[in-house]
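K.L.:
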Amino acid sequence: MKIAVCIKQIIDPEMPCSAFRINPEEKRAIPPPGIPPVISPFDENALEAALRIKDEHGANVIALSMGNKLARPILKKALAAGADELVLLEASEFESLDSFASALVLAAAIRKLGNVDIIFTGRQGADWDLGITGCAIAEELRVPCITVARKVEVNSNCVRVERVLPDGFEVIKASLPCVITVDSDLGELRYITLQGLSGIQKKPVQSWTLSDLNLVLPATSRHQLLDIYIPKHETACEIIEGATIEDAALNLANRLKEKSLL
Amino acid sequence: MLLELKDYVGDMKRCARCSMCKWPPLAQMKSWRFSNNCPSIARYNFHTYSGGGRMAVGLALAEGTLEEITDEFLNIVYRCTACGACDSSCKYNSELEVLWPIYATRAHLAGMGYFLPEHMMILESLRKEDNTLMQPKADRGKWAEGLEVKDLSKGEQAEVVYHAGCLYCYDPELSPIARDSVMLLKQAGVDVGIRGSQETCCGSIAFQLGFQGEFIKFAESNIDDWNAAGVRKVVTSCACGFGIMKSVYPLLGKEMKFEVLHITQYLHELIKGGNLKLSGAFPARVTYHDPCNLGRKSETYVPWRGEEKKVLGQFILREPQKIIHRGWNGIYEPPRDIIRSVPGIKLVEMERIKEYSWCCGAGAGVKQSMNDFALWTASERIEEAKSVGSEAIITACPWCERNFKDAITESGDNLAIYDVVELIKQVI
Amino acid sequence: MAENNRVLILGELSKGKLSAGTRELLGGGRDLSDILGGMLSLILLGDGLKAAGEESIAYGADEVYLAENPELKNYQADAYLQILETTIKNINPEILLMGQTSMGRDLAPQLAYRFKTGIAMDCVHLDVEPDPCLLRMTRPVYGCKALAVMTCKTKPQMATVRCGAMKPKEPDESRKGKVEVIPAYIDESRVRTQVLGKVEKPADGIPLEIAQVVICGGRGMGSADSFSILDELAQLLGGTVGASRPPCDAGWISSTRQIGLTGKIVRPDLYIAVALSGSSQHMAGCSDSKVIVAINKDPEANIFSLAHYGIVGDYRQILPPFIRRVRQIQESKGEKDAARA
């Protein structure tokens, strides 16, 4: 079985709030020093989904990542976790593509890999939070797409997927090949072990550019970014104090009672 | 508070390649055998591994003259325990910062996403389990099982909080030292508590590896916890923890409503004040190993911001005047005083001591990613200890102790290693 | 073809009536249409749609297209796509909107792909310029740390809108509009997935979305056991307990209790955030609460810039006396009520 997992390198969504800055000319976040980029958390869930299938049925899991100036130590984490190969789609043209163009490139790479049974992606990239790329890859490859999966099981040539709903889940069956976007409810990526790390050296890492994929990128993006800004919050928080911390707690209760909130 | 490599370009450019960073102060050298002070260049022998070499490396990164970050480049950068010996030696001669450009280089690389695979494990461990040793968070309080001490995480209050540190919490061979530390404090009448399973890493390794975001999160969390608990003093037996709390925590700009002490400082006060009496004898010839983070790296670093004026086309005058941290104000005497006050003991000094001490080899991620380098560095120190005829090395840091013990196990030596606390416990 | 400036909404049903989200879209869509001087249209797919169709006119629609087919009762991507592709092409709207719902996040990207147009997902604000018609879509990015304003030059300009970002109009029964039944034939051979069943996990206690009081625990809670004190407080105040993402990821509490960008969005009268830093992903789920109270040991925690009341300190020292006092207040209130009776 061949499984492709699309992983995206993004700036760390868990960085301390004080470190987050926007570059107004380039209209994007400034990578802060000392805070490494990470694999988008939902993509890690996607990798976990693939690895669970590999554990149970055996599979060749290939991680793909698209961008420019990709940090190999970060992406090799996929290999350390258990992926068998890493394919880097690296080119300056891949720097700021919109979701549909990204899907075009990823789909071309998946076609080049050939005979891929399942394509996993995270439900959304934790930088732009759009959730479009997975569905667009499915459209490019003309295969069905199941979104926000919390559990994936493979049975002969079909998948049985539990799809998250607001109060529970629905069970969907689809035949392979298909695209599945994964939600955090599936479970966190397994811990990296020393064994996994030492195995990285033996696993192949390929690098493909635009010409390797035989692609022409669309001339324009499907949308334009007018502005990006950090909104200012204007609540004046009343800090309740007291002679001791217990007093402060009592004062809080009294204050809320005054405001008829209790 | 984040380190920016470009802030150090001035200093990195001014490295004149005088090579002082590779030797202890010339007046203090006593033999050719033990005349190195940088384990990195002593082992790997190329200029790039020395303090001056690292300035060139940092400058290349800052100016963008490197075409590619190769694996060999990463090995060069990370084959360094950030011990600060180069920094201390350079400052005998000049006023350049050497250690902080090293930190900033690592931060710069980390920001780009470049580091060693073992560092990835440490990062994951910090993010998921709040410690650097890939151990479960839930087990953090196990070292204190059966120890009758206040648990601040359960809402109890105490004047002093004892911070054990990741290694003391999770290494069963070393945990007794943490237990002994707490018991000694209690015996001396100190109102001490611990944070048990809610204690988290001090962030020292994260900082030294360049993971500033993680460091800030852990440091701020610890400061908030200790402020909220209302403690007056924070005491730790881990020199790495002490060093980072003293030298870097104040830079975060958060009010620290407590004093930070190392266990040797505190025990020294208690012994002088008569709260602890050393009665037993310990007839042995011992030497003391100064942990880098307790000694030269424990001064509070003050980043200098001001104007540089060139005088006579050559000399740099700084306005306002820059405070140079040479490592002379580290904690050197209290542990020695404690050792000297043990009846029957004979303290001999090694050749490289105090601010020009030789590193044990475990710091800044080296123990985790290059154990061979760590053990080699430790074995050099063990040779030095044996050369002055000592039967035991006394130290004050679990990482030093761990690394020395591993080196002795590997070489089959018969040198004993004790922490100051272990020594006191024997003679109390 | 003349500019028709039409705004088309893809609606959803909830228990046979228009969903709350659809009513909100109609309210917001009505404002956009008024500026554009065009029609506000709605499409509904499902079974037994007539009542909902008339309801939507009252809520602001000018025309309603109903695709009636029992097979459409439950959302299935391929079936819906077939019908919507042709219908929307015929209607040829300038702007196409739907809710950021379970169906919306699944369907919208695929529709946008087929129409070769762009789409902004999870928008919190829309405004429009009439001539030429340009929709400005504001949406949160970087885990809600920032807001991005986007436009799309191709037709239809598509957006999915976050629940609660728009307000429904008061229903006006006197409004007139056109209700049209459209062909709803489904080519089964093009349906590639099958819904085998649904599992609904009943919420124990009051569901988060309708609770008036929510007590939410964050990473600083420290362990699963520590949530019991939050349960106690919730019981006392007649509310329910939620969590930010870290406790759910750590397994301390069920992920159905997660409040945030990828969890539930709550709007209680009282929201008490305990040991919670107030990261933007989380605040996206609770910022519409009437009153936010924060308890955190970090005086610089983000939550304090968004809360109305706060205490700086360890929740383990604060909550027990707080709960005692609340209990006292409840009891004396009870006595007063009994005395009055």
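Chains as they are written, first to last, in our numbering: chain A, 1024 to 1285; chain B, 10 to 437; chain C, 29 to 369. We put the beta carbon where it would ideally sit given N, CA and C, even for glycine. Keep in mind that this is a model prediction, so the values were computed, not measured.
According to DSSP, simplified to helix, strand and coil, what is K144 of chain C?
P.N.:
Three-state result, K144 of chain C: coil.
K.L.:
Taking a contact to mean a Cβ-Cβ separation below 9 Å, would you say L304 of chain C touches I331 of chain C in this structure?
P.N.:
Cβ distance < 9 Å, so L304 of chain C and I331 of chain C count as in contact.
K.L.:
Of all the CB atoms in chain B, is at least one closer than 9 Å to the CB of E1113 of chain A?
P.N.:
No, because no Cβ of chain B sits closer than 9 Å to the Cβ of E1113 of chain A.
K.L.:
From the DSSP output, in three-state form, read off M249 of chain C for me.
P.N.:
Three-state result, M249 of chain C: helix.
K.L.:
If you measure from the beta carbon of L334 of chain C to each beta carbon in chain A, is any gap under 9 Å?
P.N.:
It does; some Cβ of chain A falls within 9 Å.
K.L.:
Keeping to the same chain, check which residues put their C-beta closer than 7 Å to that of V375 of chain B; ignore five residues upstream and five downstream.
P.N.:
Within the same chain, V375 of chain B has close Cβ partners T90, F382 and A383.
K.L.:
In chain order, what residues of the same chain lie with their CB nearer than 8 Å to the CB of A30 of chain C, ignoring the 5 residues before and after it?
P.N.:
Low confidence applies to A30 of chain C: its pLDDT is 43, below 50, so where it sits in the model is not reliable enough to give any reading.
K.L.:
Give the interface partners of D987 of chain A over in chain B, defined as CB-CB distance under 7 Å, in chain order.
P.N.:
Outside the displayed span of chain A (1024 to 1285) sits residue 987 of chain A, for which this structure offers no information.
K.L.:
Where does F216 of chain B land, buried or exposed, given buried means 16+ other C-beta within 10 angstroms?
P.N.:
The residue is buried, with at least 16 neighbouring Cβ atoms inside 10 Å.
K.L.:
Unbroken alpha helix (DSSP H) runs of length 4 or more, entirely within the segment 67 to 119 of chain C: which are they?
P.N.:
Qualifying alpha helix (DSSP H) stretches, in chain order: 78 to 86 and 105 to 119.
K.L.:
Could you pull the start and end residues of the beta strand (DSSP E) that F382 of chain B belongs to?
P.N.:
Looking at the DSSP string, F382 of chain B is not in any beta strand (DSSP E); the run it does join, the alpha helix (DSSP H), is N380 to S396.
K.L.:
So who's on the other strand from A1276 of chain A, going by DSSP bridges?
P.N.:
Answer by DSSP bridge pairing: none, since A1276 of chain A is not bridged.
K.L.:
Per the DSSP calculation, Y171 of chain B is bridged to which residue(s)?
P.N.:
Per DSSP, B:I203 and B:V244.
K.L.:
Could you tell me the alpha carbon to alpha carbon distance between E342 of chain B and L11 of chain B, rounded to whole angstroms?
P.N.:
For E342 of chain B and L11 of chain B, the distance between alpha carbons rounds to 33 Å.
K.L.:
Can you confirm whether A79 of chain C, when its beta carbon is compared against all beta carbons of chain A, has any partner nearer than 9 Å?
P.N.:
So, not an interface residue.
K.L.:
For E81 of chain B and M130 of chain B, I'd like the C-alpha separation in whole angstroms.
P.N.:
Distance between the alpha carbons of E81 of chain B and M130 of chain B is about 20 Å.
K.L.:
Beta-carbon of P275 of chain C versus every beta-carbon of chain A: anything under 9 Å?
P.N.:
P275 of chain C does not count as touching chain A.
K.L.:
By the criterion of Cβ-Cβ separation under 8 Å, what are the contact partners of Y87 of chain B in chain A?
P.N.:
Result: empty, since nearest Cβ-Cβ is about 11 Å, beyond 8 Å.
K.L.:
I'd like to know if the segment 150 to 157 of chain C and the segment 81 to 100 of chain C are in contact, where contact means that at least 3 CB-CB pairs between them fall below 8 Å.
P.N.:
No contact exists between the segment 150 to 157 of chain C and the segment 81 to 100 of chain C.
K.L.:
What are the residues that DSSP puts in a beta bridge with V35 of chain C?
P.N.:
C:L68 and C:I123, per the DSSP bridge assignment.
K.L.:
Contact between the segment 128 to 143 of chain B and the segment 152 to 165 of chain B is defined here as three or more beta-carbon pairs at a separation below 8 Å; is this criterion met?
P.N.:
Verdict: no, contact absent.
K.L.:
Does the beta carbon of Q345 of chain C come closer than 9 Å to any beta carbon on chain B?
P.N.:
By this cut-off, Q345 of chain C is an interface position.
K.L.:
What residues are listed by DSSP as bridge partners for L1087 of chain A?
P.N.:
Beta-bridge pairing links L1087 of chain A to A:C1029 and A:V1110.
K.L.:
Cβ of H334 of chain B less than 9 Å from any chain A Cβ?
P.N.:
With 9 Å as the cut-off, H334 of chain B does not count as an interface residue toward chain A.
K.L.:
Per DSSP, what kind of secondary structure is L183 of chain B in: helix, strand or coil?
P.N.:
Of the three classes helix, strand and coil, the one that applies to L183 of chain B here is coil, per DSSP.
K.L.:
Mind checking L35 of chain B: buried by the 16 CB within 10 Å criterion, or exposed?
P.N.:
So L35 of chain B ends up on the exposed side.
K.L.:
Would you mind sorting K100 of chain B into buried or exposed? The rule is 16 or more other CB atoms within 10 Å of its CB.
P.N.:
K100 of chain B should be labelled buried.
K.L.:
Buried or exposed, going by whether 16 or more other CB atoms sit within 10 Å of the CB of V320 of chain B?
P.N.:
Classification of V320 of chain B: exposed, given that the 10 Å Cβ count is below 16.
K.L.:
Determine the burial state of T114 of chain C: buried for a count of at least 16 other Cβ atoms within 10 Å of its Cβ, exposed for fewer.
P.N.:
With fewer than 16 other Cβ atoms within 10 Å, it is exposed.
K.L.:
Report yes or no: do the segment 89 to 100 of chain C and the segment 136 to 147 of chain C share at least 3 C-beta pairs separated by less than 8 Å?
P.N.:
No: the two stretches stay apart, fewer than three of their Cβ pairs being nearer than 8 Å.
K.L.:
To the nearest angstrom, how far is the alpha carbon of G283 of chain B from that of D160 of chain B?
P.N.:
Each residue's alpha carbon lies about 27 Å from the other.
K.L.:
Where do the N-terminal and C-terminal ends of the beta strand (DSSP E) with Y53 of chain B fall, by residue?
P.N.:
First-last for Y53 of chain B: P48 to Y53, but that is the alpha helix (DSSP H), not the beta strand (DSSP E).
K.L.:
According to DSSP, N1046 of chain A sits in a beta bridge with which residue or residues?
P.N.:
Beta-bridge pairing links N1046 of chain A to A:R1051.
K.L.:
Can you grab the Cα-Cα spacing for the pair V354 of chain C / G341 of chain C, in whole Å?
P.N.:
Cα to Cα, V354 of chain C sits roughly 19 Å from G341 of chain C.
K.L.:
Straight-line CA distance for L112 of chain C to D253 of chain C?
P.N.:
Looking at the two C-alpha atoms, the distance is approximately 49 Å.
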